[in-house]
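Take a look at the structure set out below.
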Amino acid sequence: MNFLAVDDSSTMRKIVALALKGAGHEVYEAENGQDALEKLKSASFDCIILDINMPVMSGIDFLKARASVPNAAKAPIIVLTTQDEAALRDESLKLGASSFLAKPFQKEELLAAVKSVLKL
Ligand SMILES: [Mg+2]
């Protein structure tokens, strides 16, 4: 499966990429919501791993804006954030995210969420 890891931290993108590549997936990276939307205009992904707190365009703003980009609108989204708050979880899910995970995360947690969201 092809993933887009969206996070302003290059370290976090690498951690996510390592976990997913270890499970046999392809991983591409974007630095913020706007960068992700740009990439989604010309490529489609099976799943998007989305940080919330990012400069330029946050994960919440990405969730709100993605309807305008078909590849962004159709991809399942797993939110991965340090802000482990019920209100943020509710808002993310209301805006169409499929799953919500808190950082720091265990590789197994991410892979379990991926399996569940992609029905693997
Ligand atoms: Mg961040």
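Taking the working numbering, the leading residue of the sequence shown gets -3, the next gets one more, and so forth. All C-beta atoms, glycine included, are put in the ideal place defined by N, C-alpha and C.
Does the distance from the CB of V113 to the CB of P72 come in under 7 Å? yes
The alpha helix (DSSP H) with N67 in it runs from where to where? 66 to 70
Residue span of the beta strand (DSSP E) that contains V75, given as start and end: 73 to 77
Quick one: does D4 have its CB under 7 Å from some CB of chain B? The question asks about chain B, but that chain is absent: this structure has only one protein chain.
How would you write the range of the alpha helix (DSSP H) that E104 sits in, first residue to last? 103 to 114
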